[in-house]
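**Student:**
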Amino acid sequence: MQIDTVAKMDLSKEKKQNESSFSDQLKAYVKHPGSGILALLTVLGAIMTFALLFFLIGYILVKGVPYLSTDLFSLTYNSDNLSLLPSLINTFILTVVSLVIAAPLGIFAAIYLVEYAKKGSKLVKVIRITAETLSGIPSIVYGLFGMLFFVTALHWGLSLLSGAFTLVIMILPLIMRTAEEALKSVPDSYREASFGLGAGKLRTIFTIVLPSAVPGILAGVILAIGRVIGETAALIYTAGTVAEVPQNLMGSGRTLALHMYVLSGEGLHMNQASATAVVILAFVLVINFLSGMVAKRIAKG
6 MQIDTVAKMD LSKEKKQNES SFSDQLKAYV KHPGSGILAL LTVLGAIMTF
56 ALLFFLIGYI LVKGVPYLST DLFSLTYNSD NLSLLPSLIN TFILTVVSLV
106 IAAPLGIFAA IYLVEYAKKG SKLVKVIRIT AETLSGIPSI VYGLFGMLFF
156 VTALHWGLSL LSGAFTLVIM ILPLIMRTAE EALKSVPDSY REASFGLGAG
206 KLRTIFTIVL PSAVPGILAG VILAIGRVIG ETAALIYTAG TVAEVPQNLM
256 GSGRTLALHM YVLSGEGLHM NQASATAVVI LAFVLVINFL SGMVAKRIAK
306 G
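Here the working numbering is used: position 294 in the sequence shown is 299, and no number is missing along the way.
This is how it looks when you write it as structure tokens:
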């Protein structure tokens with residue numbers, strides 16, 4: 006009985022505290038109407054974001070799921086089955102190749118900017134401005150550059166390699182900037198404690214700083230993956246639109262996004278294009294889920 010009475014007293018205290026805090030917030034909003042307006046706008050923005058997300062997911066699933074069939078996952082593409090499996094394999098290859106090149110370059114560049122470069126250096130400012138400028142360039146411009154440089158000047162032709170290097174240029178600034186911000190968010194006390202225990206700078210970076218910044222770095226990598234998977238304009242001029250899996254990286258091939266674009270552009274296979282959109286959505290969700298699991302394991306370790 007005594008335990009029940011104590012628990013009830015604690016619950017009543019919590020309710021009173023919550024009511025008092027809520028009343029204090031209301032008083033603050035009354036005194037400062039601007040803060041109340043900002044809070045309302047924040048809530049409305051969050052609601053609209055969730056609503057749009059669920060609407061898009063529901064719309065894609067309703068339009069595409071009924072048209073998923075085994076023919077869409079045939080090993081070879083033809084005009085009868087309109088298989089998306091070759092495009093799925095090409096998307097996976099392009100994603101892996103572009104990330105293998107761009108992720109290490111972006112992360113090591115961020116490490117240099119945060120850990121080694123002098124604060125306030127003009128070189129650092131130029132690099133940051135350049136990265137931000139590259140992030141805002143339309144993808145069609147990257148495609149034209151890739152066509153002129155990789156396809157024509159280097160004689161790589163329309164190939165997965167040309168598309169991968171074009172995508173590397175596109176996602177490198179994104180990975181570098183997000184990794185830089187993630188490294189900046191690691192408290193300096195972590196570094197000081199490591200130095201105090203006798204660890205060197207390189208060991209401190211790889212054993213203390215990088216594991217702490219992994220969630221932020223992976224967030225940038227996930228955004229880069231999303232851009233690679235959804236890219237069309239740059240790959241039309243560099244990777245081509247051949248609906249097959251090439252024998253090597255010097256062969257041409259289309260991605261899932263290009264496959265969906267071609268099907269919808271013809272106007273005759275809208276149902277198959279909707280089914281391809283479902284596969285793209287599932288592909289992105291699986292990658293995000295796996296990346297989140299990796300980030301949690303690394304953070305715990």
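The beta-carbon is built from N, C-alpha and C at its ideal position, and this holds for glycine as well. These figures come from a predicted structure and were not determined experimentally.
For Ile134 and Ile98, what's the separation of their Cα atoms in angstroms?
**Tutor:** So the two alpha carbons sit approximately 31 Å from each other.
**Student:** Could you tell me the distance, in whole angstroms, from the CA atom of Ser79 to the CA atom of Leu61?
**Tutor:** Answer to the nearest angstrom: the Cα atoms are 27 Å apart.
**Student:** Taking contact to mean 3 or more Cβ pairs, one atom from each stretch, closer than 8 Å, check whether the stretch 176-183 and the stretch 103-112 are in contact.
**Tutor:** Result yes; three or more Cβ-Cβ pairs closer than 8 Å.
**Student:** Taking Val156 as the reference, give the member of Ser257, Arg196 and Ile42 with the closest Cα.
**Tutor:** When only C-alpha atoms are compared, the closest one is Ser257.
**Student:** Between the beta-carbon of Thr237 and the beta-carbon of Leu268, is there less than 7 Å?
**Tutor:** Against a cut-off of 7 Å, the Cβ pair of Leu268 and Thr237 comes out as no contact.
**Student:** For Met255, is the classification buried or exposed, using 16 other Cβ atoms within 10 angstroms of its Cβ as the cut-off for buried?
**Tutor:** Counting Cβ neighbours within 10 Å, Met255 comes out exposed, since fewer than 16 surround it.
**Student:** Please report the distance separating the alpha-carbon of Gly141 from that of Pro251.
**Tutor:** About 32 Å.
**Student:** In whole angstroms, what separates the C-alpha of Lys21 from that of Arg302?
**Tutor:** The predicted model places Lys21 with a pLDDT of 48, which falls under 50 and marks its position as unreliable, so this point remains unresolved.
**Student:** Which same chain residues, not among the five before or five after Gln277, have their C-beta less than 6 Å away from its C-beta?
**Tutor:** So the qualifying residues of the chain are Leu87 and Leu268.
**Student:** When you compare only the Cα positions, how much space is there between Leu165 and Thr171?
**Tutor:** Spanning the two alpha carbons is a distance of roughly 10 Å.
**Student:** Nearest to Tyr121 by alpha carbon, out of Leu89, Lys206 and Asp193?
**Tutor:** It is Lys206.
**Student:** Which class does Asp85 belong to by DSSP, given the choice of helix, strand or coil?
**Tutor:** Asp85 falls in the coil class under three-state DSSP.
**Student:** Nearest-angstrom Cα distance between Leu149 and Trp161?
**Tutor:** Cα to Cα, Leu149 sits roughly 14 Å from Trp161.
**Student:** Could you tell me which whole alpha helix (DSSP H) segments of length 4 or greater appear in the stretch 79-154?
**Tutor:** For the stretch 79-154, whole alpha helix (DSSP H) runs of length 4 or above, ordered along the chain, are 90-116, 127-140 and 144-151.
**Student:** Just checking, does the stretch 274-290 make contact with the stretch 195-206 on the three C-beta pairs under 8 Å criterion?
**Tutor:** No, because fewer than three Cβ pairs between the stretch 274-290 and the stretch 195-206 fall closer than 8 Å, the two stretches do not touch.
**Student:** Return helix, strand or coil for Thr243, following the three-state DSSP convention.
**Tutor:** Coil, per DSSP.
**Student:** Helix, strand or coil for Gly69, going by three-state DSSP, please let me know.
**Tutor:** In the structure shown, Gly69 sits in a helix (DSSP, three-state: H, G or I).
**Student:** Specify the secondary structure class of Thr260 as computed by DSSP and reduced to three states.
**Tutor:** Of the three classes helix, strand and coil, the one that applies to Thr260 here is coil, per DSSP.
**Student:** Taking DSSP as the reference, what is the three-state secondary structure of Gly50?
**Tutor:** If DSSP states are grouped into helix, strand and coil, Gly50 belongs with the helices.
**Student:** Tell me, please, whether the stretch 214-228 touches the stretch 287-301 by the rule of three or more beta-carbon pairs shorter than 8 Å.
**Tutor:** The answer is yes - the stretch 287-301 touches the stretch 214-228, with three or more Cβ pairs under 8 Å.
**Student:** For Tyr147, I'd like the list of residues in its chain whose CB is within less than 7 Å of its CB, leaving aside the five on either flank, ordered along the chain.
**Tutor:** Cβ within range, chain order: Thr171, Ile174, Met175 and Ala239.
**Student:** For Val156, does the three-state DSSP call read helix, strand or coil?
**Tutor:** Helix.
**Student:** Note the first and the last residue of the continuous alpha helix (DSSP H) segment covering Asp76.
**Tutor:** That residue, Asp76, is in no alpha helix (DSSP H); it is neither H nor E in DSSP.
**Student:** Determine, using beta carbons only, whether Val119 and Glu185 come nearer to each other than 7 Å.
**Tutor:** In this structure, Glu185 lies closer than 7 Å to Val119 by Cβ.
**Student:** My output table needs one value for Gly162: the three-state DSSP class, helix, strand or coil.
**Tutor:** Coil.
**Student:** Could you give the distance in angstroms between the alpha-carbon of Pro192 and the alpha-carbon of Tyr82?
**Tutor:** Those two C-alpha atoms are separated by around 53 Å.
**Student:** Distance, Cα to Cα, Ala300 vs Gly221?
**Tutor:** For Ala300 and Gly221, the distance between alpha carbons rounds to 9 Å.
**Student:** Quick check on Met265: buried or exposed, where buried means 16 or more other Cβ atoms within 10 Å of its Cβ?
**Tutor:** Result: buried.
**Student:** Taking the straight line between their C-alpha atoms, what separation do you get for Gly272 and Val284?
**Tutor:** Roughly 19 Å between the two C-alpha positions.
**Student:** May I ask you to report which of helix, strand or coil DSSP gives Met6?
**Tutor:** With a pLDDT of 44 at Met6, under the threshold of 50, the modelled position of this residue cannot be trusted; read the value that follows with caution. Three-state DSSP puts Met6 in coil, outside helix and strand.
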